[in-house]
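In terms of this note's numbering, the sequence shown is residues 904 to 1610.
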Amino acid sequence: MATARLKLSSAGKKAQQELSEAQIAVHWKEEEYYKPSKKFIAQANLSSPALVKKFSEKNFPACFNHYAEMLDWDKPWRKTLDTSNPPFWKWFVGGKLNACYNCVDRHLPKYKNKAAIIFVPEPENEAATVITYQELYKRVNETAALLRDFAGLKTGDRVTIHMPMIPELPITMLACARLGVVHSVVFGGFSGEACGLRAADSGSRVLIYADGYWRNGKWVDHKPGADIAVQTAKKEGQDVDKVLVWKRYAGKYGSETPMIMGRDYFIDDVLKDYRGQIVPPVSQDAEAPLFLMYTSGTTGKPKGCQHRTGGYLAYATGTAKYYQDIHPEDVYWCMADIGWITGHSYIVYGPLALAATGILYEGVPQFPDAGRPWRIAERHDVNIFHTSPTAIRMLRKAGGDEPKKYSYHFKHMTTVGEPIEPEVWLWYYHVVGKREAVIVDTWWQTENGGFLCSTKPALDRMKPGSAGPGVLGIFPTIWDENREEVKAGSGRAGNICIRNPWPGIMQTIWGDPDRFVNQYYKKYNRHPHSKDWRDWPYYAADGAVLAADGYFRILGRVDDVINVAGHRLGTKEVESACLTVPEVAEAAVVPVVDEVKGRVPAVYISLKPGVPPDKSVQDKVSSAIETMIGKIARPKSIHIVPDMPKTRSGKIMRRVLAAISNRMDTGDITTLANPDIVEQIRQLVQGRKLGPLKEGPEDIKRFGQEA
Ligand code: WTA
C-alpha cells in the first residue's frame, strides 16, 4: 500500500483526491539552526573550506588519498580505486600496512606514556585503570604471541570473540590485527547460540571469551555461553578446538562453569610464557580483510560484513579526525559497546589511529544512578562524548537535571544509531552539552565502516533531528520506487542511496557475494554489466527526506529490520526463534514505538490446531527468543491470534499488524484473503473500544513494504 502510494504520486498520476500528496508527505516543523562556538571553530581539525573543496565530486576518488595519508604504509598504493569488478571495489591497490601498527606502535616515539585506554569498571568503588600506549604495545604483543604460538593462528584465519567491555577486548582485537587474523566480535549481550552460529559461519576454530562482568550492579557469569557456542557451532559443522578465557579479575576465576580440559585455557595463565615477547606486525595488503561484523538483514541468518584493512582504517581515521574532532590531547568517551560497529570504528580503530585517550566503561550508563556518566566525565575530564538517542532518552528520563550537578565540559558530542527527536536533541544540547558543545548527528550502518551523513562540526550549522549533508566524499541521493529523484525541499520521503563508492564500504558478505550484490546494489542498478561505478549506487534500506538546505533527515529502516535501542534486529531472526517452539504454527514480528528505546518488537503467533492459547506458549516463545538471540530481542508483547492477516497468495501482511500494534490506520485491507481477521486481532490487542488513531511515524507506515 505504501509502495503504491509512492509510485502513484511520484509518477504524477491521477487519483490525487483519494491518495493525496499529504498522505505520503512528511510534515516536520522546520527546526531552528544552532551554530558552533567560536572557541570550537578556532581549534577544529576541519575548519578549512579549501579542504572541503578538495573532497568535491570532481576530485573523486583521489580525494580519499587524504585519509589514507593519515596512516603509515609499509608500501604506498599504486591506485586509489579499482572499479574493474563492480560492485567489488578495491581501495588503495598495491598498498601494504598493518592496522595494529597504525593504532599502537607508531605512537610510541611521541606518546608512549600517554593514556590510550582508561578503563572504568562498573562498580564505582573500583578504581579506573590506565593503559598507556607503551603498556598497550606490550600487552598486544604478548597476546599476539600467544595467539600465534599457543593457539596456532595464522594470517587469514578467523577468530570469534565474545567478550564484554573490558580492556582485554580491544587488546585481543589489536593482537589479531597485528597477525592479520580476521576477528569477528560478537556483542557480549548476545546468547551463546547466537555466538556459535556466527563462529560457524566464519569458520572459527578458536573462540575467545571472558569469565564474567558487571552489569547493572550484578555479576554476569558469561562463560557458560562458551559451552553453548561450541555445541551450536558443532551442530553447524564447525569444530571449535580452543576456547581462550580472559578473567575479569586476573588470577580469580569468576564463573561457576568448569573449564573443559584440553579445550579451555585461561589466557592470563598462558601469557606467563609469552612475557616480553614482541611480534613483528604482519604487513597486510590494503585489501586483506581486517574483521567481520555480523548484522541483521532481511533473512533469518545474520550476515558477516567483511571489512578491508586499508580502506576501512583510512575511513574510520579520517572521519574520526574531522567529524569527531579528535586530537591526541582530547579525552574521548564513546558509550557504545565495542561489539557493535560504532565501537569498532569509533572506540578502537579511529581514535587509536589518532593517538587519542579513550574511556572504556564496563557498565550501563545509569548505574548506580543517572549521574554516573557525568561523574565519569568530570573525573576524567572527558571533552568529547558519543552516545545514542536511546541512552540520551534514558538519562533524560532518569535524571534530567543531573548533568548540571557536575563540572565537566564537552566541546563535542555525537549521536548515532537512530533518529533523534528534536526535543531530545535540545536536552542533549542545552543540558548535557551546556550550550558549549557542538553536536553531530551521524548516520551510517555496519556495512559502511564510518559516517555517511553528518554536519561538519565547525563549518555547518546544526539542525535538531537532521543528520545533515553527506560527509566529505560521500554523495547521497533520494530515489523513489521508480528511481525518480526525490527533490530537496519536496517534503517527500524516499530511499536514501549513496551514488559513489567510498573506502569504508564493506568488501562483501562473508561467504555470500551474491547476497552482497542483491542486497545493496541490485535495486537501483540499471546496467548489470556496466563497469562504471556510476551505475552502481549503494542502497541503504533507510527512508529519508531531504530539506531545501541539503540536510538529510533519516526516517528509519524500510526493510524487515527493527532498530531496537539502536541495535539492529531482523524480524525474520526473531520469527525463526518463535518457530522453534513446537506449538507455534506461524509467527510475525513488527516494530512498536517505545518512548525510550525508539522501537521494540511485538510478536504475533498463531498456534497449531488443538493447541490451547495459554500463557505457557507465550513463555516458551519468550525464552526461545532470549536463548537464540539474547535479551535485547525480548518482545514488548506476544499476541496469540486465531490467524494472520494474509494476502491472497498467502503472505502475512506485517504492515497491518504493525498498524494495529501502533494504533494506526490499517489502510486498505479489502485485498486481503481474510479481511475479517483484522478487526478480531485489533480487538484482541487494543480492546473493544477503539481509541483515537495515531498518524504514526514514517518507518512504521512503510514497514514491510518490500515484503
Ligand atoms: C539507523 C549503526 C537515524 C538506520 C551505526 C541505519 C540512524 C541503522 C542513524 C544502522 C542516525 C544509524 N539517524 N537513524 N543518525 N544512525 N541509524 O548497522 O536505520 O547498527 O540503517 O549501524 O541504524 O544500524 P547499524
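Note that CB positions come from ideal geometry on N, CA and C, so glycine has one too.
Keep in mind that this is a model prediction, so the values were computed, not measured.
### Query
Looking at residue 1334 and residue 1394, is the spacing between their C-beta atoms short of 8 Å?
Mapped onto the sequence shown, residue 1394 falls at position 491. Mapped onto the sequence shown, residue 1334 falls at position 431. The beta carbons of residue 1394 and residue 1334 sit no closer together than 8 Å.
### Query
Distance, Cα to Cα, residue 1229 vs residue 1292?
Locating residue 1229 in the sequence shown gives position 326, where the first residue counts as 1. Locating residue 1292 in the sequence shown gives position 389, where the first residue counts as 1. When rounded, the distance between both Cα atoms is 21 Å.
### Rounded Cβ spacing between residue 1054 and residue 1137 (contact assumed at less than 8 Å)
In the sequence shown, counting from the first residue as 1, residue 1054 sits at position 151. In the sequence shown, counting from the first residue as 1, residue 1137 sits at position 234. That belief does not hold up - the Cβ atoms of residue 1054 and residue 1137 are roughly 18 Å apart, past 8 Å.
### Query
Buried or exposed: residue 1187, going by 16 or more other Cβ atoms within 10 Å of its Cβ?
By 1-based counting over the sequence shown, the position of residue 1187 is 284. Buried, because 16 or more other Cβ atoms sit within 10 Å of the Cβ of residue 1187.
### Task
Evaluate contact between the stretch 1462-1472 and the stretch 1534-1550, counting only Cβ atoms and requiring at least three cross-stretch pairs below 8 Å.
These segments touch.
### Task
Within the same chain, show all residues whose beta-carbon is closer than 8 Å to that of residue 1082, passing over the 5 residues directly before and after it, in chain order.
Taking the sequence shown and counting its residues from 1, one reaches residue 1082 at position 179. Cβ neighbours of residue 1082 beyond the five flanking positions: 1047, 1050, 1051, 1056, 1057, 1058, 1182, 1185.
### Query
How about residue 1347: is its Cβ closer than 7 Å to a heavy atom in the ligand WTA?
Residue mapping note: residue 1347 aligns to position 444 of the sequence shown, counting from 1. Yes, the ligand WTA has a heavy atom inside 7 Å of this Cβ.
### Task
Under the assumption that residue 1094 contacts residue 1062 (Cβ atoms under 8 Å), give the Cβ distance between them as a whole number of angstroms.
Counting from one through the sequence shown, the residue named residue 1094 turns up at place 191. Counting from one through the sequence shown, the residue named residue 1062 turns up at place 159. Your pair residue 1094 and residue 1062 does not check out as a contact, with CB atoms roughly 19 Å apart and the cut at 8 Å.
### Task
Would you tell me roughly how many angstroms separate the C-alpha atoms of residue 1455 and residue 1275, rounded to the nearest one?
As a working mapping, residue 1455 is identified with position 552 in the sequence shown. As a working mapping, residue 1275 is identified with position 372 in the sequence shown. Cα-Cα distance, rounded: 33 Å.
### Task
Provide the residue(s) that pair with residue 1597 in DSSP beta bridges, ordered along the chain.
To locate residue 1597, count along the sequence shown from 1; it is residue 694. Answer by DSSP bridge pairing, in chain order: 1567.
#### Entry: Beta-carbon separation (whole angstroms), residue 1207 vs residue 1408, contact threshold 8 Å
Position 304 of the sequence shown holds residue 1207. Position 505 of the sequence shown holds residue 1408. In fact, because the Cβ distance is near 15 Å, the residues do not count as touching under 8 Å.
### Beta-carbon proximity list for residue 1462, same chain, < 8 Å, skipping 5 on both sides
Along the sequence shown, one-based indexing puts residue 1462 at 559. Short of 8 Å from the beta carbon of residue 1462, and not among the five residues preceding or following it, lie these beta carbons of its own chain, in chain order: 1200, 1201, 1444, 1609.
### Task
Tell me whether the beta-carbon of residue 1224 lies closer than 8 Å to the beta-carbon of residue 1547.
Mapped onto the sequence shown, residue 1224 falls at position 321. Mapped onto the sequence shown, residue 1547 falls at position 644. No.
### Message
Under 8 Å: do the stretch 1337-1349 and the stretch 1357-1367 share three or more Cβ pairs, one atom per stretch?
### Response
Three or more Cβ pairs closer than 8 Å define a contact, and the stretch 1337-1349 meets that threshold against the stretch 1357-1367.
### Task
Compare the beta carbon distance of residue 1287 and residue 1233 with 8 Å and say whether it is the shorter of the two.
By one-based count along the sequence shown, residue 1287 stands at place 384. By one-based count along the sequence shown, residue 1233 stands at place 330. Going by C-beta atoms, residue 1287 is nearer than 8 Å to residue 1233.
### Message
Under DSSP, the beta strand (DSSP E) around residue 1497 begins and ends at which residues?
### Response
As a position in the sequence shown, residue 1497 is number 594, starting the count at 1. According to the DSSP assignment, residue 1497 belongs to the beta strand (DSSP E) that extends over 1487-1497.
### Query
beta strand (DSSP E) containing residue 944: first to last residue?
Walking along the sequence shown from the start, residue 944 turns up at place 41. For residue 944, there is no enclosing beta strand (DSSP E); the enclosing alpha helix (DSSP H) covers residues 941-946.
### Query
According to the neighbour-count rule (16 or more other Cβ atoms, all chains shown, within 10 Å of its Cβ), is residue 1600 buried or exposed?
Taking the first residue of the sequence shown as position 1, residue 1600 is located at position 697. With at least 16 other beta carbons inside 10 angstroms of its own, residue 1600 counts as buried.
### Query
According to DSSP, is residue 1479 helix, strand or coil?
One-based indexing of the sequence shown puts residue 1479 at position 576. Note: residue 1479 maps to helix in three-state DSSP.
### Query
CB residue 944 to CB residue 950, shorter than 8 Å?
For the purposes of this step, residue 944 is identified with residue 41 of the sequence shown, where counting begins at 1. For the purposes of this step, residue 950 is identified with residue 47 of the sequence shown, where counting begins at 1. Taking C-beta atoms as the reference points, residue 944 and residue 950 count as a pair closer than 8 Å.
### Task
Decide yes or no for the touch test of the stretch 1002-1016 against the stretch 1060-1079: beta carbon pairs closer than 8 Å, at least 3 of them.
Note that the stretch 1002-1016 touches the stretch 1060-1079; at least 3 beta-carbon pairs, one per stretch, sit closer than 8 Å.
### Nearest neighbour of residue 1150, chosen from 1162, 1142, 958 [CA to CA]
As a working mapping, residue 1150 is identified with position 247 in the sequence shown. Comparing Cα positions, the closest option is 1162.
### Boundaries of the alpha helix (DSSP H) in which residue 1419 is found, first to last residue
Reading the sequence shown from its first residue, position 516 is the one you call residue 1419. Note, residue 1419: alpha helix (DSSP H), 1416-1423.
#### Entry: Coarse secondary structure for residue 1602, derived from DSSP in three states
Counted from its first residue, the sequence shown places residue 1602 at position 699. Residue 1602 falls in the helix class under three-state DSSP.
### Message
Looking at the strands, I want to know which residues DSSP matches up with residue 1388.
### Response
Along the sequence shown, one-based indexing puts residue 1388 at 485. In the DSSP output, where bridge partners are listed per residue, residue 1388 has 1382.
### Query
So what does residue 1442 bridge to, in DSSP terms?
Counting from 1 along the sequence shown, the entry for residue 1442 is found at position 539. In the DSSP output, where bridge partners are listed per residue, residue 1442 has 1400.
### Query
What first and last residue would you give for the beta strand (DSSP E) that runs through residue 1468?
Mapped onto the sequence shown, residue 1468 falls at position 565. Looking at the DSSP string, residue 1468 is not in any beta strand (DSSP E), and its letter there is neither H nor E.
### Three-state secondary structure (DSSP) of residue 1206
In the sequence shown, residue 1206 corresponds to position 303, counting from 1. Residue state, collapsed to three classes: strand.
### Query
Tell me the DSSP bridge mates of residue 999?
For this step, residue 999 is matched to residue 96 along the sequence shown. Note: residue 999 sits in a beta bridge opposite 978, 1188.
### Message
Can you give me the C-alpha to C-alpha distance between residue 1551 and residue 1575, rounded to a whole angstrom?
### Response
Position 648 of the sequence shown, counted from the first residue, corresponds to residue 1551. Position 672 of the sequence shown, counted from the first residue, corresponds to residue 1575. Straight-line Cα distance between these residues: approximately 6 Å.
### Query
If you measure from the CB of residue 1335, is any heavy atom of the ligand WTA nearer than 7 Å?
To locate residue 1335, count along the sequence shown from 1; it is residue 432. With a threshold of 7 Å, the Cβ atom of residue 1335 does not count as near the ligand WTA, since no heavy atom of the ligand is closer than that.
### Query
Just to check, is the beta-carbon of residue 1450 closer than 7 Å to a non-hydrogen atom of the ligand WTA?
Position 547 of the sequence shown, counted from the start, is the residue given in the question as residue 1450. No - the ligand WTA has no heavy atom lying nearer than 7 Å to the Cβ of residue 1450.
### Query
Near residue 1338, which residues of its chain fall below 8 Å by C-beta distance, leaving aside the five closest residues on each side in sequence?
Here residue 1338 refers to the residue found at position 435 when the sequence shown is read from its first residue. So the list reads 1332, once near-sequence residues are dropped.
### Of the listed residues 1419, 1442, 1485, nearest to residue 1521 (C-alpha basis)
Counting from one through the sequence shown, the residue named residue 1521 turns up at place 618. Comparing Cα-Cα distances from residue 1521 to each of 1419, 1442, 1485, the minimum goes to 1485.
### Task
Could you tell me which uninterrupted beta strand (DSSP E) segments, each at least 3 residues in length, are contained entirely in the stretch 1214-1242, listed from first to last along the chain?
Counting whole runs of 3 or more residues, the stretch 1214-1242 contains the beta strand (DSSP E) stretches 1234-1237.
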